[in-house]
Amino acid sequence: MSHISDVEAFFCIVRHGTIAAAARQLDLAPISVRKRLERLEAHLGITLISRYHRNMGLTDDGKLLYNHLIGVFDGLDHALAMVSRGDDGSSGKLRVASNLPQSARQHVARLVTRFSEQHPQIDVDLDLTDTEINVVYGGYDIAITHSPPENPAGLVVRPLFSHWCVCATPEYLESHPPVRVPSDLREHECLLLDSPGTLGDNWTFFGTTHNEAVQITGSMVTDDARVLREWLLAGMGLAAFCEMEVRDEIREGKLVQVLPDYQMPEIRFYMAYDRLRNLPARTQYFKEYLVQSVAGSNGGLSIAG
Numbered sequence: 005m006s007h008i009s010d011v012e013a014f015f016c017i018v019r020h021g022t023i024a025a026a027a028r029q030l031d032l033a034p035i036s037v038r039k040r041l042e043r044l045e046a047h048l049g050i051t052l053i054s055r056y057h058r059n060m061g062l063t064d065d066g067k068l069l070y071n072h073l074i075g076v077f078d079g080l081d082h083a084l085a086m087v088s089r090g091d092d093g094s095s096g097k098l099r100v101a102s103n104l105p106q107s108a109r110q111h112v113a114r115l116v117t118r119f120s121e122q123h124p125q126i127d128v129d130l131d132l133t134d135t136e137i138n139v140v141y142g143g144y145d146i147a148i149t150h151s152p153p154e155n156p157a158g159l160v161v162r163p164l165f166s167h168w169c170v171c172a173t174p175e176y177l178e179s180h181p182p183v184r185v186p187s188d189l190r191e192h193e194c195l196l197l198d199s200p201g202t203l204g205d206n207w208t209f210f211g212t213t214h215n216e217a218v219q220i221t222g223s224m225v226t227d228d229a230r231v232l233r234e235w236l237l238a239g240m241g242l243a244a245f246c247e248m249e250v251r252d253e254i255r256e257g258k259l260v261q262v263l264p265d266y267q268m269p270e271i272r273f274y275m276a277y278d279r280l281r282n283l284p285a286r287t288q289y290f291k292e293y294l295v296q297s298v299a300g301s302n303g304g305l306s307i308a309g
C-alpha cells in the first residue's frame, strides 16, 4: 500500500495522544507527521482528526479507521516480536489509566505494584487523572474508571464491585469494648476519611432483619487515604475501608473486620478495554488479575460499538 507510512502516522498520533509524541515514536519531525496525516486525509477525502488550536479529537471516521487498525498494527507488532525473540505478547509495555477518586488511588497503585511483582517482564505505565479517559484516543490497554465511558464504541466495559468494611488492629480491639452491633461504634474512636466518594461520618449497615445508620464521631479526620491507613495499622481506632484494600492485612492477621454479619454500601467501578478479538497476553493477564483482586466481581458487561 503506497500510503502505509501515512496510515502509520495517523495510528501513532491517536495511540500516543499528540503529533509531537507520535513524532518521537516515529523518529520524525512533527511537521513531517502532520503532513503525513494531511496527505492521508486528502487521499481519503475525509477528516480523521479534528484540530482546533491545540485541541485534537477523533472524528467518527477517524474512530472507525483506528478501531480497524488496532488489530492490524498490534498483529504486526506481535508477529515481528515472535520472529525476533519468540515473544508471545506476555512481555512489553502495558498502559493503564485510572480516574478513580483520590481515596482509591493508593489501592490502584498497590494493585499495579503487585501485578508487576508477579510479572516482572511487563512494564506498566500507570496514568492517574481526574478527567474523563478516552481509552482509544489515549492509547491505553485498560482503564479503571469511576463511571462507564461516555463513548463506549469499540470498547468492552466490565463493572466490578466491592464493599466498605470496618476494621481495626487486634491490639485495639483487645483493649476496647466489643463491637457487636453498629450502634456500639459510638463508644469507639473512629478514624474518618473526609474525601469525595467515601462514607464520611455516616456509616450504613445492612443486616438480615434491619438496616442501621450510625453517625460516627472521631477526633482524627484526614482527606488522605494513606494517612488513614497509617493510623489504622498503628492501632489508633476503627476505620471504614474498601474491602479489597484491606483484604491482605485481614488475611495476614494485621487487621480484624468487625461486624462481619452486616453488609455495608457497595462500591462500583469499571474496567474498560479495546474490543479486540485477540488481546495481547499481558493485557489478558492484567484483566484477569484485576477481576480476581476485586471481591464480588460479576460477569462482564459488554457494550457494543
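For the sequence shown, the working numbering begins at 5 and goes up steadily by one.
Just so you know, even glycine gets a beta-carbon here, dropped at the ideal spot from N, CA and C.
Note that the structure is a prediction, hence the values are computed from the model and not measured.
C-alpha distance - residue i paired with residue j, whole-angstrom precision
i      : j      : result
Asp10  : Leu44  : 6 Å
Thr208 : Ser297 : 24 Å
Leu189 : Thr212 : 19 Å
Gln288 : Ile23  : 29 Å
Asp111 : Leu203 : The sequence given here places His at residue 111; Asp does not occur at that position. About 17 Å.
Ile271 : Glu178 : 30 Å
Leu3   : Asp145 : The requested residue 3 is not part of the displayed model; the chain covers only 5 to 309.
Cys16  : Phe245 : 40 Å
Pro153 : Tyr277 : 10 Å
CB of residue i within 8 Å of CB of residue j, strictly
i      : j      : result
Arg99  : Gly66  : no
Leu73  : Arg109 : no
Tyr70  : Val128 : no
Val37  : Ala46  : no
Arg251 : Leu159 : no
His150 : Pro269 : no
Met275 : Leu294 : yes
Ser102 : Ala147 : yes
Ile126 : Arg286 : yes
Residue i - partner residues in DSSP beta bridges
i      : result
Leu98  : Val128
Ser166 : Ile271
Ser54  : Gly61
Trp207 : Val218
Spatial neighbours of residue i in its chain, beta-carbon cut-off 6 Å, leaving aside the 5 residues before and after
i      : result
Pro200 : Pro105
Ala253 : Note that residue 253 is Glu in the sequence shown here, rather than Ala. Answer for Glu253: Leu259, listed in chain order.
Nearest to residue i (by Cα), restricted to the options the options
i      : options                           : result
Gln261 : Thr287, Pro174 and Leu195         : Pro174
Leu242 : Cys169, Phe210 and Met275         : Cys169
Val231 : Glu253, Asp198, Val218 and Glu247 : Asp198
Ser185 : Leu30, Asn206 and Phe210          : Reading off the sequence shown, one finds Val at residue 185, where the question assumed Ser. Cα-wise, what sits closest to Val185 is Phe210.
Close-in-space but distant-in-sequence residues of the same chain around residue i (CB under 8 Å, 5 per side omitted)
i      : result
Met224 : Glu193, Leu195, Leu196, Trp235, Met240 and Gly241
Cβ-heavy atom distance, residue i to the ligand MG, below 7 Å
i      : result
Val139 : In the structure on display, the ligand MG does not appear, and there are no ligands present to speak of.
Contacting residues, own chain, Cβ-Cβ under 7 Å from residue i (five flanking each side not counted)
i     : result
Leu68 : none
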